[in-house]
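Asker: In my numbering, the protein residues as written are 34 to 279.
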Ligand SMILES: Nc1ncnc2c1ncn2[C@@H]1O[C@H](COP(=O)(O)OP(=O)(O)OP(=O)(O)O)[C@@H](O)[C@H]1O
Ligand SMILES: [Mg+2]
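1) Please state the DSSP three-state secondary structure of residue 250.
2) Give me whichever residues DSSP pairs with residue 189 in a beta bridge.
3) What is the chain-ordered set of residues for which the beta carbon lies under 6 angstroms from any non-hydrogen atom of ligand 1?
4) Quick one: what does DSSP say residue 198 is sitting in, helix, strand or coil?
5) Residues in its own chain within less than 8 angstroms of residue 188 by CB, not counting five upstream and five downstream?
6) Taking the C-alpha atoms as reference points, what is the distance between residue 58 and residue 169?
7) Would you call the segment 106-116 and the segment 152-165 in contact, with 3 or more CB pairs under 8 angstroms?
8) For the segment 138-192, list the alpha helix (DSSP H) runs that are entirely contained and at least 4 residues long, ordered along the chain.
9) Just to confirm my understanding: we take residue 6, look at its own chain, exclude 5 residues before and 5 after, and list those with CB closer than 7 angstroms. What are they?
10) Note down the Cα distance separating residue 220 from residue 73, rounded to an integer number of angstroms.
11) Can you find the residues in the same chain that come closer than 6 angstroms, C-beta to C-beta, to residue 249, ignoring five residues on each side of it along the sequence?
12) Fully enclosed by the segment 40-102, which alpha helix (DSSP H) runs are 4 residues long or longer?
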């Protein structure tokens, strides 16, 4: 039986990953600032929206108003039209912690608070997905969550719990993160890359004429994918792969 797949929305990418993202998968988009992570995610959402698939966009570092202006400026697309049709729901979920610093006196209390925060975050996402029967979910970005938990064990258990719950949603999820140059890891936590089904790394190298912006598929479970570095452009339609012979 062949696996059901959904289109990535990135021009030229589906054929490089065996026809699209596998249903129910969680894909990590990692890259330094300005490499195109948000644009990648917007392309993915727009592909769904144009086919009347409901989508959820979770923002943790950017205000929804600012993102809408960015998308209007760079792609001439008004996300509010999709919100009005109830096809798109944007959630601003910044990890604001409104509790007294006194609780930090106890390690056990910190653990409890973090668990509560993650649990709450998952519940909000699950509720939104159910409400509009979403098919696509984007979390831009997960970095805050990764760096927020200092204790290694707690970070591992919390992120594993988070990913497991997302897996049960029956949607395709894109999560953005940044590489940690210091530790030579693909993400800040060094954990997420093992938990997700796919990883796409975005890079920007202004010195290279033909390979200025590139994308590398580092992992795509259940898919035969191209193993070469793929160059792309960012245009007013978002990310477009440059045709190569591979
Ligand atoms: N219409 C366009 N044409 C060409 N390039 C564009 C266009 N719109 C945006 N860009 C480029 O895309 C870059 C921003 O991409 P994006 O916001 O997706 O990056 P990001 O990886 O999400 O960054 P951050 O980590 O800061 O959130 C801009 O710096 C700009 O160079
Ligand atoms: Mg971004």
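Yeah, the Cβ is synthetic: ideal placement off N, Cα and C, and Gly gets one too.
Answerer: Result, derived from the coordinates:
1) Working through the chain shown from its first residue, we reach residue 250 at position 217. Here residue 250 carries a strand assignment [DSSP, helix/strand/coil].
2) For the purposes of this step, residue 189 is identified with residue 156 of the chain shown, where counting begins at 1. In the DSSP output, where bridge partners are listed per residue, residue 189 has none listed.
3) With the cut-off at 6 angstroms, the residues found are 64, 66, 67, 68, 69, 70, 71, 72, 107, 267, 268, 269.
4) Taking the first residue of the chain shown as position 1, residue 198 is located at position 165. In the three-state reduction of the DSSP assignment, residue 198 falls in the helix class, which pools H, G and I.
5) Taking the chain shown and counting its residues from 1, the one referred to as residue 188 is at position 155. Excluding positions up to five away in sequence, the list reads 179, 182, 222, 224.
6) For this step, residue 58 is matched to residue 25 along the chain shown. For this step, residue 169 is matched to residue 136 along the chain shown. Distance between the alpha carbons of residue 58 and residue 169: 10 angstroms.
7) The answer is no - the segment 152-165 does not touch the segment 106-116, with fewer than three Cβ pairs under 8 angstroms.
8) List check, alpha helix (DSSP H) in window: 140-165, 176-181.
9) A query on residue 6 cannot be resolved here, the shown segment of the chain reaching from 34 to 279 and no further.
10) Mapped onto the chain shown, residue 220 falls at position 187. Mapped onto the chain shown, residue 73 falls at position 40. Take the alpha-carbon of residue 220 and the one of residue 73: they are about 17 angstroms apart.
11) Counting from 1 along the chain shown, the entry for residue 249 is found at position 216. So the list reads 234, 262, once near-sequence residues are dropped.
12) For the alpha helix (DSSP H) assignment, the uninterrupted runs of no fewer than 4 residues enclosed by the segment 40-102 are, from N- to C-terminal side, 70-83.
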